[in-house]
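Structure first, then comments.
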Amino acid sequence: MEEKYYEISSDNIEKFINNLVEQNNEVIAPKDKDSDTFYDKITNFKDADLNILLPKLSFKEYLLPKTETLFEYSISGSSINILDSLENAGAARIINNGSGGSDNSGKKGGKKIIFGSRPCDAGAGPIMEKVFNWDYKDEFFNEKFKNLYIISIACVQPDNYCFCTEAQLSPESSYGSDILLKKGGSGYYAKVTTEKGLELINSSSENSSLFKEISKEAFPADKDWKAAFDIKKTQGFLDKNFTSNYFQEKFLSCIGCGICTYTCPTCHCFDIQDEGTNEKGRRIRNWDSCQFGIFTLHTSGHNPRVTQGDRYRQRLMHKFKIYNEKFNKYLCVGCGRCSRNCPEDIDLKEITSELSLMENSGEV
Amino acid sequence: MENNRVEEDDKNAQNDKGNLSGSGSAKEKEPRIIAFVCNWCTYNGADLAGTSRMKYAENVRVIKLPCTGRIDPLFVVEAFKKGAKGVLVSGCHPGDCHYTSGNYHSRRKYTAFRDLLSYFGVDTNRVEFSWISASEGNKWVSVINDFTNKIKSLPDSSDIFSKQ
Amino acid sequence: MEKMNDKLQNTAKELLESKEVNLIIGFAKGSNPLRMRSVFITDPKDAYKISFNAHCVQDLAVFLKKPEVKKFGKIGIVVKGCDEKAVNTLIQEYQLSRDNIKIIGVECRGAIKQNLADRGEDSVKQSTVYDKCLACEVHTPLLYDYLVESDEPAFEITGDVKPYAKIEELDAMSVEDRNMFWQKEFEKCIKCYACRQACPLCYCTRCIVEKNTPQWIETNIEETGNAQWNMIRAYHLSGRCIGCGECERACPVNIPLMLVNEKMARDVFEKFGYKSGLDINAKPVFGTFDANDFNEFIK
Amino acid sequence: MARIGVFVCWCGSNIAGTVDVKRVAEEAAKIPGVVEAVDYKYMCSDPGQNTLRKMIKDKNLTGVVLAACSPHMHENTFRKAAVKEGLNPYFIEIANIREQVSWVHEDKEKATAKAIDLLKMMVEKVKRNKPIEDVRVPLTKKALVVGGGISGIQAALDIANGGVEVILVEKEPSIGGKMIQLDETFPTLDCSSCIMTPKMVEVYQHPNIKLYTYSELEDVSGYIGNFNVKIKKKARSIVEKDCTGCGDCWNACPMHKNVKSEFNVNLSERTAIYVPFPQAVPLIPVIDRSVCLHYKKGGKCQKCYDACGPKCIDFDLQDEIIEEKVGAIVAATGYDLMENSLYGEYGYGQFKDVISGLQFERLLSASGPTEGVVKRPSDGKTPETIVFIQCVGSRDPEKGVPYCSKVCCMYTAKHAKLFAHKVHGSQSYVFYIDIRATSKGYEEFVRSTMENDGAIYLRGRVSKIYEDNGKLIVKGADTLSGNQVEIAADMVVLATGVIPKKGSDKIAQMLGISYDKYGFYTESHPKLRPAESSTAGIYLAGMAQGPRDIPESVVSGSAAASKILGLFSKSEYEVEGTIASVNKTTCVGCFYCKRVCAYSAISKEEVKDRNGNVLKVVANVNSGLCAGCGACVNACFSKSIDLKGYLDEQIFAEIKSLAV
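Chains as they are written, first to last, in this note's numbering: chain A, 1 to 364; chain B, 1001 to 1164; chain C, 2001 to 2299; chain D, 3001 to 3660.
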């Protein structure tokens, strides 16, 4: 689609969002909760907290719910009945966690709109989409991805833990956003890159009247964001130094809590489990983390990733080497959540930067 | 939507169990009570109630274990999660444990566990603990009847372990 | 604070030089001036990295359960009074040999809440420290091989301080209201198990939540599975938790876990007169019994 | 896949009258895994059992559930039947639909529904059963008795007479214990040494008894049937096999009159080389190296050696460690008396004529320091008035112990009686709290002391004793008359309370048995297993368990012996296989299981790598000791212990089958 550009005043963006809510859309935005900010359902524009840099968790759960029912089953005598959750979304179990998240209602789930996300979070969608489609087409993911509309607001001032620029995005990137807003003018400038974005703007005549189309040139140009280090170098180091002692020493301080993976917008590992009684139950998939020892524990008792160093190395390898080799992108949007949330102050930006420097100096 | 599932389950239950007025459809009226009892005192006490042809409420389902010391408080959580409205734990009187001290250890654990349940908003009226010896068939009967009546008198619980 | 850091660094250096320990676990500067992080020192030359201040929030005893760390054999560890109780409990529960650990106790004047520090808070005050610091009885650790005294004065406590005041509030609530409160809290849980990993006493090789025959805890990350996890975590720590508060600090969704731990600690003390982490030779409260134990709830 | 057979028993009309057994069987047939469900009139009858056996064989069943009467009735019946068809007996489960359903409910609908539920639970349980083999432990048919007092002697003799070898270990140079120190025994007034000495000699001469005196238990390891015992045989300085017990050596010892005699409770002296008393068994002296001049003065004195005909004195003998394997142990470590000085106001130690009951026994005894003539220690005069004080330390939680020492009432009555017999015209006063004389002939005995022998019993406590003009003035209260009394006595005898033998706690720790807060060994069950300790294979006897008199001690010795003979009557010790087992991969070694185990069945085991480096220490269940209570399973945080027959998985399946 050809990109389109608009200008919209502060008042009108408020109207737009409230209209979307009134049109029975589920609108999700950063919202104050327990002296922190989380993505949560809003019923009014004013609920949204647009002043903070990033909510504590990403909106990943709207694409990959924390728990997702794949199917239900019941056993009677020697027969087993399966109820496919995707085909029978209405009958399937709906889990509403109150946080507005984990809705795994499948096809009939309807559209969800994320408002006020940052370019980093928005960028995670297409990055994950590749994983869920390169071989097996994961309809559960795709249904949600298709129905998720993302209106992001560009960052003005990243913090010390941010490294989206290094991760080949930028504070003003529109990658993954259906509509990218930038502050300026009477309120915001909007860049619409997808049909979904247009669909939102044209969802009513009132809505479309709130946006004033402008030329590409009238849209403010991106700042010249400079990367502090070269992520390719990081990759280069990882390519050659699987056995480096760096990992073992550095991650002695890692307690394996998995917060980095759980709060990461792109980490997407899950675990499949059955739950129920003797006669009926359901098969679900739950978030999982490569930082847990049990993640790679073999039935034999052998564990190929025996130390936390091995596990964190895996996280680095996956994000900055393996994924890149397959999809020519990084499995990281540089949001810095893993660093900010780490109880042991392990800083991914610091690590990727150190690795790039070590690659430079040829240090192992 | 939560309700949808419950209805669906009900249908399944009906189908599975035919016309039986057993566990399936009776659940609206008759709360399910699970009793975890020790093999040596309470199970024998219940047997004595039987051989004495005493009558008591039908709601209780007994799970036999060697000793109250084996009855993990987490079984109670599982019982609640699987729909039990009340859980009874019963074993030998202090000093009478077949294994010397199983009931003492158990009592300690349940003391803390009950506090925790209550703190998390589970009505501890739903958990009963009693010492019933092998000669106390009548006590078994009165404990079961009283507990069943108590459970019936409680409002429908909405605590975290009542949901499925 | 220089004097304190000098003493810390010298102690660490001497211990490493004399080969009394193979590893020192201490605090060092973190990713920003108001964050500290753990540091693992094997070379006496690196001892200068060790320092201590009010941002040393971590309980370093958590590392003593890591197999990678255990491999070092004799270890020296820098601990605050609260964290030291975890060392005691690890010894008490056979996870650590007293002979293999050199305890470098630091006199702690209170730790600044990390979420405040992340917003720029840098002073130790009644309003900025953790609740555990308000009721702290172990500014000086109970057990140590070396004591590094603080250069700082104790912060002033004014008024009637009630740490974890919410507990009394919860106790006063109806069961239904408590249920509502905790349901809301547990809904937030994402089952990352950071509470477990951050806990120095959650040292099991295989956590009960990882056992699937039977499945003790539902794996789903929904209200029931979450509540079950939180219940069992609390149950397994009752009578053991030493109140370092690391679970709550680690929790990415801000579940007030210390309200559970502290409540259990209070109940255990009230019913059995036992406080955890005080004595390496004490019998753990749930490893023993008294024939005259609390019996009132039993028919 | 599970192939479960279900049998619904009518029990005539006992079940079928209230439960629709046909419907129960129909519903059972629908449960996944059930291959056939039938109902039958009497499952426990021979034809019923044959139906069971036939289906096991024909349908190749992997498990059976019987909906019938209580498992306590016929579980074994059906297990035996199943075994005959090659099915592991633990694959039989019983749904108790009689005692728990038909006999206690009347509503047929509800009863039937409940019966179906109970049956479902058991089907789900049996599906998850694992084969369990009963544990068979080989038995070393040899017993160890610790303590050579009357209960130990009785136990040793009974076991030995049953044809089993016994090792008897006694700390003192002679067996005989406390009983041999007594004069006459209540209530029959048999002479203690007259009835005791033959038993001691019998022990010594018994071909099945190996006696180690002047020896102590050093270490015990192993478990029922297979204990390894180390005994420290202290150096006696005598080559025992050559000694004839002639006495030339102790008569030659220059150290006579220098050491207080333990046997006579400090009322006489002994030599450095000595036998504790003339009837000692074995009649072999021992050199007390702490006082012997040979050892103290660099080997100069060897008068005993010179006097010894067979030259069996060897000053260089060393302590010896003897290792024995035994299959069972009797702990009969006996008792001590409390410190007499506990009550300063009684002046024990201060006034020579305030003595203990045991000292008075020695004064009464013909083999005692006064050859049975009652003389007071201070001046050797025969006392005319004696005050006896009971409950010295007993029943006094403040200063002594809260329990009753049980024997003092009787021995005090005996003392007063014997004193009256020996010193005509004498007068005894007895201060008591209550008189406890409850065994055969006891009450009559006390009565006769009061009525025939003129002893004056005063209910009350003594507040003070002081010396005045060669008399002991005893001030006390007679609470029955409400008067203060003051008695001028020649002697005061304190009935001091009984406490466990010093060092018995160490022995308990070695044996891995439990003891109460006073130090008395605790029985496995206070009522039903009074002869057993909490640890399998270790039995208790005598005062080590608590205060008791001679007949009771003898009974307890015999009880322990009969338990052991029973144990040894089989070729192997068999225990039900429903015991705990540890998953050593996941065990983290916190040993909460060990802490809660009442049977000391959990030990620490090192897990090593190929090079012998210890990787971790985990729990190990000793199958011979485990009683299968499951307390350890409950204590395990990571669920690394499970109980066979009651696996967590099975309990969960039972709960799940009740899901509503």
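Backbone N, C-alpha and C fix where the C-beta goes; we use that ideal spot for every residue, glycine too.
Note that the structure is a prediction, hence the values are computed from the model and not measured.
Which partner residues does residue i have in the DSSP bridge list?
| i | result |
| --- | --- |
| asparagine 3096 of chain D | D:Ala3068 |
| phenylalanine 1036 of chain B | B:Ile1063 and B:Val1089 |
| glutamine 3672 of chain D | Outside the shown range of chain D, which is 3001 to 3660, sits residue 3672 of chain D, and nothing can be said about it. |
| leucine 3211 of chain D | D:Leu3168 |
| arginine 2035 of chain C | In DSSP, arginine 2035 of chain C forms no bridge with anything. |
| isoleucine 3273 of chain D | D:Ile3287 |
| asparagine 3620 of chain D | D:Ser3603 |
| aspartate 274 of chain A | A:Arg283 |
| leucine 2147 of chain C | C:Gly2105 |
Here's a check: name, in chain order, each residue in its chain whose Cβ is nearer than 8 Å to the Cβ of residue i, leaving out the five neighbours to either side.
| i | result |
| --- | --- |
| isoleucine 3057 of chain D | The displayed chain sequence assigns lysine, not isoleucine, to residue 3057 of chain D. So the qualifying residues of the chain are Glu3085. |
| glycine 98 of chain A | Because glycine 98 of chain A carries a pLDDT of 35, less than 50, the predicted location of this residue cannot be relied on, and no value is offered for it. |
| serine 1158 of chain B | none |
| aspartate 239 of chain A | Lys321 |
| aspartate 11 of chain A | Gly187 |
| lysine 216 of chain A | Glu3 and Tyr5 |
| phenylalanine 3303 of chain D | Sequence inspection shows lysine at residue 3303 of chain D; the phenylalanine mentioned does not correspond to that position. Result list for lysine 3303 of chain D: Ala3252, Cys3253 and Pro3254, in chain order. |
Starting from the Cα of residue i, find the closest Cα among the options and give me that residue.
| i | options | result |
| --- | --- | --- |
| isoleucine 3175 of chain D | D:Ala3272, D:Lys3502 and D:Pro3276 | D:Pro3276 |
| serine 3215 of chain D | D:Lys3230, D:Ser3558 and D:Val3064 | D:Lys3230 |
| valine 2087 of chain C | C:Leu2060, C:Ala2111 and C:Cys2108 | C:Leu2060 |
| serine 35 of chain A | A:Lys56, A:Ala29, A:Asn24 and A:Ile42 | A:Lys56 |
| serine 205 of chain A | A:Glu217, A:Lys15 and A:Ala29 | A:Lys15 |
| cysteine 332 of chain A | A:Ala124, A:Asn18, A:Gly187 and A:Leu53 | A:Ala124 |
| arginine 2098 of chain C | C:Cys2108, C:Tyr2130 and C:Leu2143 | C:Leu2143 |
| asparagine 3161 of chain D | D:Ser3562, D:Ala3366 and D:Pro3071 | D:Ser3562 |
| glutamate 3323 of chain D | D:Arg3376, D:Val3220, D:Val3146 and D:Val3164 | D:Val3220 |
| methionine 358 of chain A | A:Asn241, A:Pro126 and A:Ala29 | A:Asn241 |
| serine 61 of chain A | A:Ile114, A:Val306, A:Asp347 and A:Ile255 | Rather than serine, the amino acid found at residue 61 of chain A in this sequence is glutamate. Of the candidates A:Ile114, A:Val306, A:Asp347 and A:Ile255, the one whose C-alpha sits nearest the C-alpha of glutamate 61 of chain A is A:Ile114. |
Give the residues of chain B in contact with residue i, contact being defined as C-beta atoms less than 9 Å apart.
| i | result |
| --- | --- |
| leucine 3643 of chain D | Leu1065, Pro1066 and Arg1070 |
Could you work out which residues of chain A lie near residue i, taking near to mean beta carbons separated by less than 7 Å?
| i | result |
| --- | --- |
| serine 3657 of chain D | Asn278 |
Run through chain A and tell me which residues come within less than 9 Å of residue i, C-beta to C-beta.
| i | result |
| --- | --- |
| alanine 3653 of chain D | Asn278 |
Note down, in chain order, each residue of its chain lying with its Cβ closer than 6 Å to the Cβ of residue i, except the 5 sequence neighbours on either side.
| i | result |
| --- | --- |
| phenylalanine 211 of chain A | Tyr6, Ile8 and Ile201 |
| serine 1130 of chain B | Ser1090 and Val1143 |
| leucine 3418 of chain D | Leu3364 |
| asparagine 1103 of chain B | Thr1068, Gly1091, Cys1092 and Cys1097 |
| aspartate 2145 of chain C | Lys2102 and Ile2103 |
Residue i versus chain C: which residues are under 7 Å apart at the beta carbon?
| i | result |
| --- | --- |
| aspartate 3648 of chain D | Pro2214 |
Whose Cβ in chain A lies nearer than 8 Å to the Cβ of residue i?
| i | result |
| --- | --- |
| alanine 2282 of chain C | By Cβ distance, chain A contributes nothing, its closest Cβ being about 27 Å from alanine 2282 of chain C, past 8 Å. |
For residue i, collect the residues of the same chain with a Cβ closer than 7 Å to its Cβ; drop the 5 residues on either side in sequence, then sort them by chain order.
| i | result |
| --- | --- |
| asparagine 3060 of chain D | Arg3003 |
| threonine 2224 of chain C | Glu2218 |
| glutamate 3576 of chain D | Asp3134 and Gly3628 |
Mind listing the chain C neighbours of residue i? Cutoff is C-beta to C-beta under 8 Å, in chain order.
| i | result |
| --- | --- |
| tyrosine 62 of chain A | Under the 8 Å cutoff, chain C gives no residues; its nearest Cβ is about 13 Å from tyrosine 62 of chain A. |
Could you give the uninterrupted runs of the beta strand (DSSP E) lying entirely in the segment 3154-3182 of chain D, keeping only those of 3 residues or more? If we require 3 residues or more, the beta strand (DSSP E) runs fully inside the segment 3154-3182 of chain D come out as 3165-3169.
If we require 3 or more residues per run, which beta strand (DSSP E) segments fall completely within the segment 139-179 of chain A? 148-153
Identify every run of the alpha helix (DSSP H) within the segment 2239-2267 of chain C, keeping only runs that are complete inside it and at least 4 residues long; order them along the chain. 2246-2250
Uninterrupted beta strand (DSSP E) stretches inside the segment 3405-3467 of chain D (no shorter than 3 residues): 3427-3432 and 3456-3459
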